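Numbering (my numbering), first residue to last: 49 to 195. Glycine residues also receive a C-beta, built at the ideal position from the N, C-alpha and C atoms. Just so we're clear, the structure is a prediction, and the values are computed from it rather than from any experiment.
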(Lines of atoms letter the chains of each structure in order from A; the text may use other names.)
(Lines give C-alpha, C1' and ligand atoms only; values in the text may rest on other atoms or scores of the structure.)
Protein backbone atom coordinates (compact mmCIF):
# COMPACT_ATOMS: atom_id res chain seq x y z
CA UNK A 49 0.00 0.00 0.00
CA UNK A 50 2.83 2.36 0.86
CA UNK A 51 4.46 1.71 -2.54
CA UNK A 52 1.20 2.60 -4.30
CA UNK A 53 1.00 5.91 -2.47
CA UNK A 54 4.58 6.74 -3.42
CA UNK A 55 3.91 5.80 -7.03
CA UNK A 56 0.75 7.91 -7.06
CA UNK A 57 2.59 10.93 -5.65
CA UNK A 58 5.36 10.52 -8.24
CA UNK A 59 2.83 10.28 -11.05
CA UNK A 60 1.02 13.39 -9.83
CA UNK A 61 4.32 15.27 -9.59
CA UNK A 62 5.23 14.23 -13.12
CA UNK A 63 1.83 15.35 -14.44
CA UNK A 64 2.20 18.67 -12.59
CA UNK A 65 5.65 19.29 -14.03
CA UNK A 66 4.44 18.34 -17.51
CA UNK A 67 1.42 20.64 -17.26
CA UNK A 68 3.54 23.53 -16.03
CA UNK A 69 5.92 23.17 -18.96
CA UNK A 70 3.27 22.57 -21.61
CA UNK A 71 2.39 25.40 -23.94
CA UNK A 72 5.31 27.54 -22.86
CA UNK A 73 5.45 29.84 -25.90
CA UNK A 74 7.25 33.13 -25.98
CA UNK A 75 8.14 35.71 -28.55
CA UNK A 76 11.80 36.11 -29.48
CA UNK A 77 13.68 38.19 -32.03
CA UNK A 78 14.79 36.86 -35.41
CA UNK A 79 18.39 37.19 -34.21
CA UNK A 80 17.66 34.62 -31.50
CA UNK A 81 16.81 31.94 -34.08
CA UNK A 82 19.44 29.25 -34.67
CA UNK A 83 22.00 30.34 -37.27
CA UNK A 84 20.82 27.77 -39.83
CA UNK A 85 17.25 29.16 -39.57
CA UNK A 86 18.40 32.75 -40.04
CA UNK A 87 20.45 31.70 -43.09
CA UNK A 88 17.47 29.81 -44.53
CA UNK A 89 15.19 32.85 -44.21
CA UNK A 90 17.87 35.11 -45.69
CA UNK A 91 18.37 32.75 -48.65
CA UNK A 92 14.75 31.95 -49.55
CA UNK A 93 12.78 34.91 -48.18
CA UNK A 94 15.37 37.65 -48.55
CA UNK A 95 13.05 40.49 -49.57
CA UNK A 96 10.29 39.61 -47.09
CA UNK A 97 10.30 40.96 -43.55
CA UNK A 98 9.82 38.94 -40.39
CA UNK A 99 6.61 39.79 -38.58
CA UNK A 100 7.28 37.71 -35.48
CA UNK A 101 9.21 34.71 -34.18
CA UNK A 102 7.78 32.41 -31.56
CA UNK A 103 9.79 29.93 -29.51
CA UNK A 104 7.55 26.98 -28.66
CA UNK A 105 8.87 24.98 -25.71
CA UNK A 106 7.07 21.87 -24.57
CA UNK A 107 8.17 19.39 -21.95
CA UNK A 108 11.01 17.83 -23.96
CA UNK A 109 10.81 19.66 -27.29
CA UNK A 110 11.65 23.05 -28.67
CA UNK A 111 10.61 24.51 -32.03
CA UNK A 112 10.39 27.88 -33.74
CA UNK A 113 7.58 29.46 -35.73
CA UNK A 114 8.33 32.41 -38.00
CA UNK A 115 5.58 34.52 -39.54
CA UNK A 116 6.69 36.65 -42.46
CA UNK A 117 5.11 39.96 -43.44
CA UNK A 118 3.55 38.43 -46.58
CA UNK A 119 1.66 35.89 -44.42
CA UNK A 120 3.97 32.95 -45.08
CA UNK A 121 4.84 30.78 -42.11
CA UNK A 122 8.00 28.71 -41.60
CA UNK A 123 8.40 26.22 -38.77
CA UNK A 124 11.82 25.02 -37.63
CA UNK A 125 12.84 22.18 -35.32
CA UNK A 126 15.06 22.64 -32.28
CA UNK A 127 18.18 22.43 -34.48
CA UNK A 128 16.94 25.13 -36.83
CA UNK A 129 16.05 22.81 -39.72
CA UNK A 130 12.79 23.63 -41.51
CA UNK A 131 9.87 21.29 -40.92
CA UNK A 132 6.95 23.10 -42.53
CA UNK A 133 6.60 25.99 -44.96
CA UNK A 134 3.19 27.44 -45.69
CA UNK A 135 3.20 30.25 -48.26
CA UNK A 136 -0.60 30.45 -48.27
CA UNK A 137 -1.48 31.35 -51.89
CA UNK A 138 2.09 32.03 -53.08
CA UNK A 139 4.42 29.34 -54.45
CA UNK A 140 7.03 27.86 -52.12
CA UNK A 141 10.49 29.03 -53.30
CA UNK A 142 11.66 26.47 -55.86
CA UNK A 143 15.03 25.91 -54.21
CA UNK A 144 13.35 24.44 -51.14
CA UNK A 145 11.50 21.65 -52.96
CA UNK A 146 13.70 18.57 -53.55
CA UNK A 147 14.47 17.99 -57.24
CA UNK A 148 12.68 14.59 -57.50
CA UNK A 149 9.48 16.13 -56.12
CA UNK A 150 9.78 19.10 -58.52
CA UNK A 151 10.19 16.67 -61.42
CA UNK A 152 7.16 14.64 -60.34
CA UNK A 153 5.02 17.78 -60.08
CA UNK A 154 6.28 19.14 -63.40
CA UNK A 155 5.39 15.86 -65.14
CA UNK A 156 2.08 15.08 -63.42
CA UNK A 157 0.70 18.45 -62.25
CA UNK A 158 2.42 21.03 -64.46
CA UNK A 159 0.12 23.97 -63.77
CA UNK A 160 -0.18 23.56 -60.02
CA UNK A 161 2.11 25.67 -57.81
CA UNK A 162 3.23 24.14 -54.51
CA UNK A 163 2.11 26.46 -51.70
CA UNK A 164 2.92 24.25 -48.72
CA UNK A 165 5.59 21.66 -47.97
CA UNK A 166 6.21 19.62 -44.84
CA UNK A 167 8.91 17.14 -43.98
CA UNK A 168 9.36 14.72 -41.15
CA UNK A 169 11.18 11.47 -40.52
CA UNK A 170 8.85 9.56 -42.85
CA UNK A 171 9.09 11.87 -45.87
CA UNK A 172 7.44 14.91 -47.44
CA UNK A 173 3.96 16.23 -48.04
CA UNK A 174 3.17 18.98 -50.52
CA UNK A 175 -0.02 20.94 -51.09
CA UNK A 176 -1.09 22.77 -54.21
CA UNK A 177 -3.02 26.03 -54.34
CA UNK A 178 -6.23 24.08 -55.01
CA UNK A 179 -5.82 22.16 -51.71
CA UNK A 180 -4.76 18.88 -53.36
CA UNK A 181 -2.01 17.10 -51.37
CA UNK A 182 0.59 14.51 -52.29
CA UNK A 183 2.73 12.47 -49.89
CA UNK A 184 6.24 11.21 -50.66
CA UNK A 185 8.46 8.83 -48.71
CA UNK A 186 12.07 9.62 -47.77
CA UNK A 187 13.25 8.31 -51.16
CA UNK A 188 10.86 10.77 -52.89
CA UNK A 189 8.49 8.05 -54.09
CA UNK A 190 4.87 9.17 -54.25
CA UNK A 191 2.94 7.21 -51.62
CA UNK A 192 -0.46 8.88 -51.60
CA UNK A 193 -2.84 11.56 -52.72
CA UNK A 194 -5.26 13.49 -50.54
CA UNK A 195 -7.86 15.95 -51.77
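Query	Result
If you reduce the DSSP assignment to three classes, tell me which class residue 79 lands in.	helix
Can you tell me whether residue 68 is buried or exposed? The criterion is at least 16 other CB atoms within 10 Å of its CB, across all chains shown.	Low confidence applies here, because residue 68 scores a pLDDT of 47, under 50, leaving its location unreliable; read the following figure in that light. The residue is exposed, with fewer than 16 neighbouring Cβ atoms inside 10 Å.
Take every Cβ of the segment 136-156, pair it with every Cβ of the segment 100-116, and state whether three or more of those distances are shorter than 8 Å.	no
DSSP beta-bridge partners for residue 86?	For residue 86, which the question treats as bridged, DSSP gives no partner whatsoever.
Note down the Cα distance separating residue 154 from residue 161, rounded to an integer number of angstroms.	10 Å
Here's the rule: buried if 16 or more other CB atoms are within 10 angstroms of the residue's CB, otherwise exposed. What is residue 84?	exposed
Where do the ends of the beta strand (DSSP E) carrying residue 113 lie?	110-116
Leaving aside the five residues before and after residue 192 along the sequence, list all residues of the same chain whose C-beta is less than 8 Å from its C-beta, in chain order.	182 and 183
With DSSP collapsed to three states, give me the class of residue 96.	coil
What is the C-beta distance between residue 164 and residue 140, in whole angstroms, given that I count them as a contact (C-beta under 8 Å)?	7 Å
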